[in-house]
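A.B. asks: First the structure, which I've put down as structure tokens, then a few questions once you've had a look.
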Amino acid sequence: GAENPIPSHTSLSVLKEGLSQLKAQFQPFVKLPEDKQRALYKSLCELLLHEETLTALEDVLDALCTGDKPDLKELKPAQQQELADFLQLVGCSVQDELLLQNYQLQDEELLSAVHLLISAISELSDYTLVLLRACSDLQVVPALCCLPYIASADGTLALSSPLVATLTDRGRFDVVQRLFASTNINLERTESSVKAVTMREPRFFPLVLYVALYGLHSLSGTVE
Amino acid sequence: MFAKATRNFVRETDSGGDLIPVSHLNASDKLQLLSLVTKRKKFWCWQKPKYHFLAVSLSDVLTEDKPIKPVIVESDFAKYTGKFEDVVQGSIETSFGKISLGAGAKGCVESQSSFGNLRKQEVDLQQLMKDVKDRMINLNSSLLQQVIERKREVLCILREKIITTQRCTISEHVQTEEKVSGLLGCSTKIVQVSVSDSGSMMKDSSVILEIPPATTIAYGVIELFIKCDGQFEFCLLDEQQGGFERESSEGSTSPHSMLFRDTSFLYHPDAVDNGMYS
């Protein structure tokens, strides 16, 4: 259903099928040269803490991806520059001061991947974004991307798995637990395992979080 | 800052409901009952639609030059005084160092959010339906032509609004990024809203915004379904969708069209209906 698309109290593995399809959409990130990947990753991590700029960027990408002309006139000059710099990174070159009134697009696939990622990030609360940024700093994003694949039908997974070794650290686990709770995923830990299940009526939040995690992971330079 | 305060208000008072937070203080005075609003449908299944206020009302786009004067019903909405902890604050020890969330201070900061006594103004719908019976919308107006050209937009009217009755202060505490001796930090913003009868200012606030009484902080709309000849109806039921009746469907011009062929599960149903993705 549109209102409760993800079932309540269900293993995180419920996201597996959808996320497998997402991998292909983020391939343009994986294919980027290392320096561009790093620059885009850094820029995105900065954006996680700038909610207003994120919203503006989402509007611009919406417009670009539907063939509309984006309107940046209402933005502050500093924001215009910030957006122009970001768009430059994704192959959208701005030709004059009337930002994006005349733009040239070099890579549609890359722009579409960025649109998907920014649209997801923009839906997350500022609290979630701060925690997402912390997870990126704590280098737990790769482990989080594995969870839907290795979680059992009841949501349990063994901490002995090398894929999730980073979660054995209590501090990291606490941040992840708070991140998940903010997107309606319940994460519990016992001595040897963790259990990740959706909360009651999680709506789209677990999926949106995972789109954001996958996007960032694809830019981290660790994906084959 | 204003946007965050109104968003928090709607999240706490009408989560999953029909109220839409006002994002710009500048738009507040444009929000008159029966004024026209466009709703832009979104791409992805998780996205919320966006609304844009037009500077005209329903009367202005009807064919006959006979203004509609809506019957407005006014009632108490709520006295809104919230208090919540800012749990972003704090620091966490990890095996490789200390991660500081917020300004590095331990403990929690209590935030207050209060718009005071709020009133609701809404249009008497039954009367409105009688008033617009047999009236038509002039689809030749240049404004509506522009809306029709943008295929993802639906025309709505403003049906209700929530207004403040007291002067309120919105303040923002910006917590700056720290990177000192292995400490990683994240900047975050705490927004507080309080009724300011005494006119006293808060300390430690980086930005303070005072909003006057009668400021609209949230509103509700009704979508319109408009036929090719200008006849229209209000979409009063959940399953009814507004829009413009089209004589023929046109193909998508989106560069996305073929790129996301494998992720149809992500699309918003409206996006599929409108041929935004093929």
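Chains A and Z, in that order, are what the protein sequence lines are. Each number in the working numbering corresponds to the 1-based position in the first sequence with 239 added. Each number in the working numbering corresponds to the 1-based position in the second sequence with 289 added. All C-beta atoms, glycine included, are put in the ideal place defined by N, C-alpha and C.
1. Evaluate the contact criterion for the stretch 436 to 444 of chain A versus the stretch 261 to 276 of chain A: three or more CB pairs, one atom per stretch, below 8 Å.
2. Under the rule that 16 or more other beta-carbon atoms within 10 Å means buried, what is C517 (chain Z), buried or exposed?
3. Give every residue of the same chain whose Cβ lies closer than 8 Å to the Cβ of E290 (chain A), excluding the five residues on either side of it in the sequence, and list them in chain order.
4. Report yes or no: is there a C-beta of chain A within less than 8 Å of the C-beta of C445 (chain Z)?
5. So, at 6 Å on beta carbons, what are the nonlocal neighbours of T453 (chain Z) in its own chain, with the 5 sequence-adjacent residues on each side left out?
6. May I ask which residues mark the beginning and end of the beta strand (DSSP E) holding L325 (chain Z)?
7. How big is the Cα-Cα spacing for S431 (chain A) and E256 (chain A)?
8. Just how far apart, CA to CA, sit K331 (chain Z) and Q415 (chain Z)?
9. Taking 8 Å as the CB-CB cut-off, is L446 (chain A) touching chain Z?
10. Comparing the C-beta of R441 (chain Z) with each C-beta of chain A, is any distance below 8 Å?
11. Could you give the DSSP three-state label for D408 (chain A): helix, strand or coil?
12. Excluding five sequence neighbours on each side, which residues of the same chain lie with their C-beta closer than 7 Å to the C-beta of S400 (chain A)?
13. Considering V447 (chain A), what are the terminal residues of the alpha helix (DSSP H) in which it resides?
14. Cβ of A420 (chain A) within 8 Å of Cβ of V403 (chain A)?
15. Which residues share a DSSP beta bridge with R408 (chain Z)?
16. Go to C517 (chain Z), then tell me how far its beta strand (DSSP E) extends in each direction, as first and last residue.
17. Consult DSSP for H354 (chain A) and reduce its assignment to one of helix, strand or coil.
18. Does the Cβ-Cβ distance between I506 (chain Z) and F342 (chain Z) come in under 8 Å?
19. Where DSSP assigns a beta bridge to E425 (chain A), which residues make up the other side?
20. Give the interface partners of C334 (chain Z) over in chain A, defined as CB-CB distance under 7 Å, in chain order.
21. In whole angstroms, what separates the C-alpha of L293 (chain A) from that of A316 (chain Z)?
22. Checking the sheet assignment: what are the DSSP bridge partners for P310 (chain Z)?
23. Give me, in chain order, the residues of the same chain whose beta-carbon lies closer than 7 Å to that of R417 (chain A); leave out the 5 immediate sequence neighbours on both sides.
24. Going by DSSP, what residue range makes up the beta strand (DSSP E) through S346 (chain Z)?
25. Pull the bridge partners of G532 (chain Z) from the DSSP assignment, please.
26. Check A397 (chain A) in the structure and name its three-state DSSP category.
27. Provide the residue span of the alpha helix (DSSP H) that contains F291 (chain Z), from first to last.
28. Using beta carbons (cut-off 8 Å, strictly below), is E362 (chain A) in contact with chain Z?
29. In the DSSP assignment, find the alpha helix (DSSP H) that holds T294 (chain A) and state where it starts and stops.
30. Can you give the Cα-Cα distance for R411 (chain A) and R372 (chain A), rounded to whole angstroms?
31. For the stretch 446 to 462 of chain A against the stretch 351 to 361 of chain A, are there 3 or more C-beta pairs whose distance is under 8 Å?
32. Looking at V269 (chain A) and V462 (chain A), is the spacing between their C-beta atoms short of 8 Å?
33. Does the Cβ of Q264 (chain A) have 16 or more other Cβ atoms within 10 Å, making it buried, or fewer, making it exposed?
34. Would you mind reading off the limits of the alpha helix (DSSP H) that contains G257 (chain A)?
C.D. replies: Judging by the given coordinates:
1. no
2. exposed
3. D365 and L368
4. no
5. F404, P502 and T504
6. S324 to R329
7. 27 Å
8. 31 Å
9. yes
10. yes
11. coil
12. I389
13. F444 to S457
14. no
15. Z:D365 and Z:I452
16. That residue, C517 (chain Z), is in no beta strand (DSSP E); it is neither H nor E in DSSP.
17. helix
18. no
19. First, the residue type needs correcting, since residue 425 (chain A) is Asn and not Glu in the sequence shown. BP columns for N425 (chain A) point to A:V436.
20. P244 and F443
21. 21 Å
22. Z:A507
23. L370
24. K339 to S346
25. Z:F514
26. strand
27. F291 to D303
28. yes
29. E290 to T305
30. 12 Å
31. yes
32. yes
33. buried
34. K255 to Q264
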